[in-house]
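Residue numbers (the working numbering): 69 to 689.
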């Protein structure tokens with residue numbers, strides 16, 4: 069066996085550079101590159117290896133560890149999980165900054181490889197700068213914090229351990245059912261230690277991502293479940309996109325007259341104007357989808373995790389005889405809501421069901437014109453909201469209407485948190501697949517700008533728009549600078565509503581008078597944050613970072629700014645003041661939020677009674 073003497077860090081990069089995936093015979097280099105921020109825990113190990121022996125791996129310099137992992141996850145999501153970035157940090161705070169983004173990736177089933185620096189394995193300089201000392205367990209370090217948010221975790225405490233660990237890491241990263249964040253903790257001394265690695269470790273390896281077909285028995289049971297239903301409803305989740313099954317979904321729905329509702333991750337699986345697309349479902353759902361869900365006798369979940377927002381905290385399905393059929397490659401997701409499990413790739417499962425039901429001559433039994441009527445009613449409501457004027461300025465829905473009208477239909481919009489995801493899920497008219505990029509598994513504030521960078525890296529020929537509230541922008545905007553550095557333009561549409569208005573609305577709807585959620589000065593006399601709004605010039609801030617920037621206070625100014633931004637060659641920000649509280653809500657949905665049983669406020673206790681009454685109407689599992 070021939071060997072090559074390399075440091076562990078050099079060997080890791082060489083291994084990653086040789087990994088490929090194959091889906092339907094199409095081969096793709098799996099690891100595009102490494103995003104990193106260097107510190108004493110990785111700069112002389114992995115940093116030296118990237119400088120001298122990176123192979124074809126691209127290096128991108130992050131500006132915030134959490135932000136760069138968000139960018140990496142957004143890239144992988146946009147690539148349907150077939151290409152990833154690795155992310156490296158120093159030990160201690162640098163590593164811990166990645167934990168939130170690791171959880172975001174894992175919750176959303178998105179592959180990202182994390183390479184945090186770690187304490188010295190030899191312990192000679194113990195305790196090293198930024199080391200956490202746990203008196204009861206001296207093996208514990210900051211890198212252990214990744215364990216609960218990683219699908220695979222390992223610590224490479226000897227250079228030869230890399231051989232097994234690297235293969236296990238790639239196994240999980242390429243598994244469509246089990247993928248998520250993978251963490252290899254790299255002690256800084258071990259990164260620099262050499263070993264005679266077998267050359268076979270560095271040979272090109274192609275990992276075939278198989279499309280798991282449904283079992284014959286599972287298919288039979290699933291087809292029987294559909295055949296027995298008269299009013300089925302499909303809920304399309306992110307798995308439809310990751311499986312490249314959007315065309316198969318359309319063909320299936322059209323063949324059997326089954327309407328489709330979309331989750332946040334599934335949105336754009338069908339064009340908004342497809343006659344069977346009833347729009348968003350759940351807490352942030354459309355009236356058409358939510359009314360249909362309440363009256364459906366079968367819910368066919370395809371590639372969905374069934375979060376509480378999708379199911380309206382399990383309240384959305386009101387028929388006593390409603391049942392569930394769950395087509396999912398992930399076994400844990402396939403049994404949710406007590407459903408019939410069809411464990412399979414979404415594309416393969418849809419094809420097999422299509423063939424079986426065609427043989428049986430199945431058709432859904434919706435009344436003639438029923439679905440078209442529901443859809444037309446909802447389209448009129450969206451038109452109304454898109455045109456809604458407000459005496460105090462721009463309403464949020466009016467702004468979205470202008471944006472949806474002006475930007476090209478091939479553009480990708482990116483969002484994650486605040487009130488915007490609800491309005492976008494309900495109202496945004498996505499005409500093409502993969503143009504709606506929403507991180508709503510974790511709804512992680514700060515994802516928007518970083519995620520837009522990741523999408524721009526993945527799809528450089530598309531226009532990419534980050535729709536972000538002022539609160540989320542303030543939390544994390546650092547990768548704006550990286551977009552300038554990399555020459556990957558994004559357009560940031562900043563909705564300035566003076567604070568965390570989404571939670572402010574939730575707070576007040578449950579009995580509060582509003583507390584601690586708006587960006588106001590502390591008021592003399594009361595000592596509370598109830599003074600004037602803080603004046604923040606976001607456009608000036610963006611210009612200071614090197615971006616172009618505009619302000620738009622009217623629909624006409626917004627149209628002009630959007631058109632001008634398209635001509636700019638670099639990242640551009642448009643600051644848009646919107647009237648707080650002008651987002652959408654309701655549409656026959658419910659979300660369970662616990663309210664105190666005891667309060668000095670009668671409004672709170674009344675809200676608590678309403679919550680208890682509504683929870684009794686929801687499914688227990």
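Yeah, the Cβ is synthetic: ideal placement off N, Cα and C, and Gly gets one too. This one's a predicted model, so the numbers in the text were calculated from it and none came from an experiment.
For the alpha helix (DSSP H) that contains residue i, what are its first and last residues?
i           : result
residue 506 : Where residue 506 is concerned, there is no enclosing alpha helix (DSSP H), although the beta strand (DSSP E) it sits in stretches over 504 to 506.
residue 438 : 438 to 454
residue 242 : Careful: residue 242 lies outside any alpha helix (DSSP H) and carries neither H nor E.
residue 415 : 414 to 428
residue 515 : 515 to 526
residue 533 : Not the alpha helix (DSSP H): residue 533 falls in the beta strand (DSSP E), residues 532 to 537.
residue 355 : 355 to 363
residue 76  : 76 to 85
residue 467 : 464 to 474
residue 529 : Per DSSP, residue 529 belongs to no alpha helix (DSSP H) and is neither H nor E.
residue 623 : 623 to 635
residue 317 : 314 to 324
residue 489 : 488 to 495
residue 293 : 284 to 295
For a test of the three-state rule: what should DSSP assign to residue i, helix, strand or coil?
i           : result
residue 266 : strand
residue 69  : coil
residue 132 : coil
residue 567 : strand
residue 616 : strand
residue 255 : strand
residue 667 : coil
residue 203 : coil
residue 215 : helix
residue 93  : coil
residue 481 : strand
residue 573 : helix
residue 143 : helix
residue 345 : strand
residue 588 : strand
residue 403 : coil
residue 458 : strand
residue 562 : strand
residue 175 : helix
Following the continuous beta strand (DSSP E) through residue i, name the residue where it begins and the one where it ends.
i           : result
residue 351 : Element bounds for residue 351: n/a, residue is neither H nor E.
residue 645 : 640 to 645
residue 304 : 300 to 304
residue 396 : 391 to 396
residue 157 : 152 to 157
residue 367 : 366 to 370
residue 184 : 180 to 186
residue 597 : No beta strand (DSSP E) contains residue 597, which DSSP labels as neither H nor E.
residue 222 : 220 to 223
residue 749 : This structure does not reach residue 749, given that the chain is present from 69 up to 689, and the question cannot be answered.
residue 409 : 408 to 411
residue 102 : 99 to 104
residue 274 : 273 to 276
Run the CB neighbour count on residue i, radius 10 Å, all protein chains shown included, and call it buried at 16 or more, exposed below.
i           : result
residue 59  : With the chain running from 69 to 689 in the structure shown, residue 59 is simply not present.
residue 643 : buried
residue 631 : exposed
residue 550 : buried
residue 207 : exposed
residue 506 : buried
residue 296 : exposed
residue 69  : exposed
residue 592 : exposed
residue 563 : buried
residue 423 : exposed
residue 594 : exposed
residue 622 : exposed
residue 624 : exposed
residue 600 : exposed
residue 127 : exposed
residue 272 : exposed
Would you say residue i reaches chain D, if we count a Cβ-Cβ gap shorter than 7 Å as a contact?
i           : result
residue 530 : The structure shown contains no chain D, having only a single protein chain.
Any 3 or more C-beta pairs closer than 8 Å across the stretch 155 to 164 and the stretch 104 to 111: Three or more pairs of CB atoms, one per stretch, sit closer than 8 Å, so the stretch 155 to 164 contacts the stretch 104 to 111.
Cβ contact (3+ pairs, closer than 8 Å) linking the stretch 544 to 555 and the stretch 131 to 150: Touching, yes.
Inter-stretch contact (C-beta, 8 Å, three-pair minimum) for the stretch 160 to 177 and the stretch 212 to 222: These segments touch.
Contact between the stretch 274 to 285 and the stretch 82 to 89 (3+ Cβ pairs under 8 Å): Two segments are said to touch when three or more pairs of C-beta atoms, one from each, lie closer than 8 Å; by this definition the stretch 274 to 285 touches the stretch 82 to 89.
Contact the stretch 412 to 423 vs the stretch 603 to 620: 3+ CB pairs below 8 Å: Contact fails: fewer than three Cβ-Cβ distances are below 8 Å.
Cβ pair count under 8 Å reaching 3, the stretch 107 to 122 against the stretch 257 to 270: Judged by Cβ distances under 8 Å, the stretch 107 to 122 makes contact with the stretch 257 to 270, as three or more pairs qualify.
Segment contact flag, the stretch 365 to 380 with the stretch 303 to 317, C-beta cutoff 8 Å, min 3 pairs: Because the criterion of three Cβ pairs below 8 Å is met, the stretch 365 to 380 and the stretch 303 to 317 touch.
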